[in-house]
Amino acid sequence: MSGILRGQKLRFLTKREIETIHNATLEILRTVGIKVFSDKILKIFTEAGAETNYESKIVKIPEYLIKEALKKAPKKFILYGRNPKYNIIVDNKRIYFGLGGTPTPYFMDLETGEFRRPTKKDVAEVTRLGDALENISFIMTIAGAYDVPYEVQYLHEYEAIFNNTEKPVVYPAPGAEIAQYALSMASAVAGGEDELRKRPFISLYSEPPPPLMMAETDENLIEYANHGVPIALGPTSMAGSTGPVTLAGAAVVSNAQSLAALTLIQTVNPGNPVFYACWVAATDPRTGRHAYGSPEFAFSTSVINSQMARYYELPCFGFAGCPDSNFPDAQAGAEAMMMTLMNTLSGVNLMHDCGYIVGGDAGSMEMAVICNEICGIALKIAKGIEVNDKTLALDVIREVGPGGHFLSHKHTLKFLESGEIYIPKLFNRVSREAWIKAGKKQIYEVARDVVRKILKEHSPKPLSSDVQQKLREIIKDAERKKITR
Numbered sequence: 022m023s024g025i026l027r028g029q030k031l032r033f034l035t036k037r038e039i040e041t042i043h044n045a046t047l048e049i050l051r052t053v054g055i056k057v058f059s060d061k062i063l064k065i066f067t068e069a070g071a072e073t074n075y076e077s078k079i080v081k082i083p084e085y086l087i088k089e090a091l092k093k094a095p096k097k098f099i100l101y102g103r104n105p106k107y108n109i110i111v112d113n114k115r116i117y118f119g120l121g122g123t124p125t126p127y128f129m130d131l132e133t134g135e136f137r138r139p140t141k142k143d144v145a146e147v148t149r150l151g152d153a154l155e156n157i158s159f160i161m162t163i164a165g166a167y168d169v170p171y172e173v174q175y176l177h178e179y180e181a182i183f184n185n186t187e188k189p190v191v192y193p194a195p196g197a198e199i200a201q202y203a204l205s206m207a208s209a210v211a212g213g214e215d216e217l218r219k220r221p222f223i224s225l226y227s228e229p230p231p232p233l234m235m236a237e238t239d240e241n242l243i244e245y246a247n248h249g250v251p252i253a254l255g256p257t258s259m260a261g262s263t264g265p266v267t268l269a270g271a272a273v274v275s276n277a278q279s280l281a282a283l284t285l286i287q288t289v290n291p292g293n294p295v296f297y298a299c300w301v302a303a304t305d306p307r308t309g310r311h312a313y314g315s316p317e318f319a320f321s322t323s324v325i326n327s328q329m330a331r332y333y334e335l336p337c338f339g340f341a342g343c344p345d346s347n348f349p350d351a352q353a354g355a356e357a358m359m360m361t362l363m364n365t366l367s368g369v370n371l372m373h374d375c376g377y378i379v380g381g382d383a384g385s386m387e388m389a390v391i392c393n394e395i396c397g398i399a400l401k402i403a404k405g406i407e408v409n410d411k412t413l414a415l416d417v418i419r420e421v422g423p424g425g426h427f428l429s430h431k432h433t434l435k436f437l438e439s440g441e442i443y444i445p446k447l448f449n450r451v452s453r454e455a456w457i458k459a460g461k462k463q464i465y466e467v468a469r470d471v472v473r474k475i476l477k478e479h480s481p482k483p484l485s486s487d488v489q490q491k492l493r494e495i496i497k498d499a500e501r502k503k504i505t506r
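Quick look at the structure:
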């Protein structure tokens, strides 16, 4: 389900402050540059007109190249689903939520509640869960295929995801080799490379390494751009470690990485769809960990991110969920609501990470269900209120009059049916007596029941047997060739 944010978006930065961040970014890219560890990327930048030092691997990007890239990047495009009813129209008005993000090293077992290594089966099940949740519009993951060979882990995850959702998929594919195989798998599902180019149902998720670098694995940007597949950028500078401790300074570092990647993509394939991002994470000085549920991270991924994206007239990629809590508890709910509402009210277009806990180190299907409810609430708030003759209801007020009631009036019934009042599917609004009678279940227990029901009953349309066989053959070929990561 998508939403459209009515009225004013959340703003903290003035136009002058936005321009100051932009100009500072241009200065850094022009005078400091980025370090590029890929000869292929170095060559592309050199031929485009950047100042390249092959010995130091530093690329300094002139302002005109960045301006050209910004002009070429589309303002509106579509992320396709395997089923057209799940297509996502991307523009600066619509907002969508996604399941999870990159593979998590740990997973909260549905039956025991204990943490363990996730498996390919878990990837399949969490995908099926995300496919069923009504407020989840695109699929990433909250698990990982850690029971298969490391070199082909991502390919097994792609197979599990493709087989278990009809929604758009946004997923990483680090390095050129993994990207090529992932694109082959996607082409098999789409019906060929040309069909994938016409209706890309996958998007690449890519995180350039901070600060101010591009790794050899970033050659995946070239592969996906050559196929016309959308790319979601996710540069994150850690305030106080991989970026200045000040949010403004760290934002310059992240923005520089985003604009450098955007320039590369638009040089390779002008007009290729890209999601902009400018994220700043807080480093907790007590532990050195990324403070996922921090107000600084919520602020940067929402307000800074969205305001810079609007300045560049690009759609942006952000966050929902994101608790540091180790369990789907009150802390997790508070952190998830903070992040989700901040990003929603700022007008971030695609928001991922629903279902993460422990700062993204683990996935929880119960948390995904809780986040689905939080996203529903955020969508309702984003709609605001409509003020017109029908909603003012002056004729109804006159008809009922002083001392009357509106309970059975057809106006009341009509607007209740249209969703005027949000009715939660998960959150509890019953009396204490009714709650006790129902077993005094905690929110994670109620969410667990929802997960069990979905996994028992929901089955997305399967891929054809021929396509499934083709996916297995592609993975076997990658295993035989012993690709590297």
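Per the working numbering, the sequence shown starts with residue 22, numbered consecutively. Glycine included, C-beta positions come from ideal geometry on N, C-alpha and C.
Which two residues bound the contiguous alpha helix (DSSP H) that contains residue i?
i: Asn-247; result: 241 to 247
i: Met-386; result: 386 to 404
i: Ala-197; result: 197 to 211
i: Ser-224; result: Counting along the chain, Ser-224 falls outside any alpha helix (DSSP H), though it belongs to the beta strand (DSSP E) covering 223 to 227.
i: Leu-179; result: Just to set this straight, residue 179 is Tyr in the shown sequence, not Leu. Taken as a continuous stretch (DSSP letters only), the alpha helix (DSSP H) holding Tyr-179 covers 174 to 183.
i: Ile-39; result: 36 to 52
By alpha-carbon positions, which one of the options ends up nearest to residue i?
i: Gly-380; options: Val-467, Ala-302, Val-390, Gly-54; result: Ala-302
i: Thr-257; options: Phe-340, Glu-334, Tyr-332; result: Phe-340
i: Lys-92; options: Trp-300, Asn-449, Arg-473, Leu-283; result: Leu-283
i: Tyr-107; options: Tyr-313, Thr-35, Ser-327, Thr-186; result: Thr-186
i: Leu-50; options: Ile-39, Ser-279, His-430; result: Ser-279
i: Ala-383; options: Ile-398, Gly-342, Val-408; result: Gly-342
i: Trp-300; options: Ala-272, Ile-286, Pro-294; result: Ala-272
i: Arg-501; options: Ile-87, Glu-334, Pro-170; result: Pro-170
i: Cys-337; options: Tyr-101, Tyr-226, Leu-131; result: Tyr-226
i: Pro-83; options: Leu-47, Lys-114, Gly-102, Arg-115; result: Leu-47
i: Phe-318; options: Ala-260, Ala-351, Val-295, Arg-307; result: Ala-260
i: Met-235; options: Ile-116, Arg-103, Leu-63, Glu-72; result: Leu-63
i: Lys-12; options: Val-421, Cys-392, Val-173, Leu-86; result: Given a span of 22 to 506 for the chain in the structure shown, any question on residue 12 remains unanswerable.
i: Gly-119; options: Glu-155, Ala-330, Ile-25; result: Glu-155
i: Gly-24; options: Ala-403, Gly-102, Ser-439; result: Ala-403
Looking only at its chain, what residues have a beta carbon closer than 7 Å to the beta carbon of residue i, apart from the 5 residues adjacent to it on each side?
i: Gln-315; result: Note on identity: in this sequence residue 315 is Ser, with Gln being the wrong assignment. If we look at Ser-315 and ignore the five residues flanking it on each side, its Cβ neighbours are Ala-303.
i: Ile-110; result: Ile-99
i: Lys-97; result: Val-111, Asp-112
i: Ile-39; result: Gln-328, Met-329, Tyr-332
On the DSSP bridge assignment, give the partners of residue i in chain order.
i: Tyr-297; result: Cys-337
i: Thr-73; result: Val-80
i: Lys-30; result: Its beta-bridge partners do not exist; DSSP assigns none.
i: Thr-304; result: His-311
i: Tyr-167; result: In the DSSP output, where bridge partners are listed per residue, Tyr-167 has none listed.
i: Thr-67; result: The partner list for Thr-67 (beta bridge, DSSP) is empty, contrary to what the question assumes.
i: Ser-346; result: Beta-bridge pairing links Ser-346 to no other residue.
i: Arg-137; result: Phe-128
For residue i, which residues in the same chain have their Cβ closer than 6 Å to its Cβ, ignoring the five residues on either side in sequence?
i: Ala-181; result: Lys-141, Val-144, Ala-145
i: Ile-199; result: Tyr-175
i: Gly-54; result: Ile-79, Val-80, Lys-81
i: Asp-305; result: Ala-312
i: Val-471; result: Val-390
Among the residues of its own chain, which have a CB less than 8 Å from the CB of residue i, if the five just before and after it don't count?
i: Asp-152; result: Ile-160, Asn-185, Thr-186, Glu-187, Lys-188, His-479, Pro-481
i: Tyr-127; result: Phe-136, Arg-137, Arg-138, Pro-139, Val-379, Asp-382, Ala-383, Gly-384
i: Ile-65; result: Ile-243, Leu-285, Thr-288, Val-289
i: Asn-247; result: Val-289, Asn-290
Could you spell out where the beta strand (DSSP E) holding residue i opens and where it closes?
i: Tyr-101; result: Looking at the DSSP string, Tyr-101 is not in any beta strand (DSSP E), and its letter there is neither H nor E.
i: Asp-374; result: 371 to 375
i: Ala-194; result: No beta strand (DSSP E) holds Ala-194; DSSP gives it neither H nor E.
i: Thr-288; result: Premise fails: Thr-288 lies in the alpha helix (DSSP H), 268 to 289, not in any beta strand (DSSP E).
i: Arg-115; result: 115 to 120
Return no unless some Cβ of chain E is closer than 8 Å to the Cβ of residue i.
i: Leu-242; result: Here chain E cannot be found, since the structure has a single protein chain.
- Query: Between the stretch 191 to 206 and the stretch 72 to 92, do at least 3 Cβ pairs fall closer than 8 Å?
  - Reply: No, the stretch 191 to 206 does not touch the stretch 72 to 92.
- Message: With three or more beta-carbon pairs closer than 8 Å as the criterion, would you say the stretch 391 to 401 touches the stretch 353 to 365?
- Response: Contact between the stretch 391 to 401 and the stretch 353 to 365 is present: three or more C-beta pairs spanning the two stretches fall below 8 Å.
- Task: Give a yes or no on contact between the stretch 486 to 503 and the stretch 205 to 214, applying the rule of three or more CB pairs nearer than 8 Å.
- Result: Output reads yes: the stretch 205 to 214 touches the stretch 486 to 503.
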